[in-house]
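Since the structure comes first, as structure tokens, the remarks are kept for the end.
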Amino acid sequence: MSRDTLFALVAALSLANGLLCQPLYFPLMAPFAFAFYPPFLDISVAGIVYASIMVTAVLTLLISGIPAAIFERIAAPPPESAAGLWVWLGTVGVLFAFGLLVVLPSLTR
1189 MSRDTLFALV AALSLANGLL CQPLYFPLMA PFAFAFYPPF LDISVAGIVY ASIMVTAVLT
1249 LLISGIPAAI FERIAAPPPE SAAGLWVWLG TVGVLFAFGL LVVLPSLTR
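The following block contains the structure:
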């Protein structure tokens, strides 16, 4: 698989995790909405939901990149290798699976 495809999968899974785990982070995001919004936009519930989805997706992307960076630092694969991206994709997959385990039981009640 090409490096571009792997990175697209990492980004898509991060966004899916942001959509899935948004109910977990919305209560944390709502009080701080003024810090994430520029002053010329109205702060609405839909805007806060969108911002919490984006913040969760970006946090997933950043947190899952840490093991990939450590792997690349320790293993030192050649530059054309996609091993670091596979580690990154695996870490995003673990975070996404954790989000599924946490959120889905509360959605099926």
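Residue numbering for the sequence shown follows the numbering used here, starting at 1189 and increasing by one per position. Here a beta-carbon is modelled for each residue, glycine too, at the ideal position from N, C-alpha and C.
My guess is that residue i and residue j are in contact by the Cβ rule of under 8 Å, so how many angstroms apart are they, rounded?
i	j	result
Val1198	Val1282	Their Cβ separation, rounded to whole angstroms, is 12 Å, which puts Val1198 and Val1282 out of contact at 8 Å.
Gly1206	Ile1241	5 Å
Classify residue i: buried if its beta carbon has 16 or more other beta carbons within 10 angstroms, exposed otherwise.
i	result
Ala1256	buried
Thr1244	buried
Met1189	exposed
Leu1277	buried
Ser1294	exposed
Val1275	buried
Ser1232	exposed
Near residue i, which residues of its chain fall below 6 Å by C-beta distance, leaving aside the five closest residues on each side in sequence?
i	result
Leu1249	Ser1202
Pro1219	none
Ala1221	Ile1231 and Ile1236
Excluding the 5 residues preceding and the 5 following residue i in the sequence, name in chain order all residues of the same chain whose CB lies nearer than 7 Å to its CB.
i	result
Arg1191	Ala1270 and Leu1273
At least three beta-carbon pairs within less than 8 Å, the stretch 1235-1244 to the stretch 1202-1220 | yes
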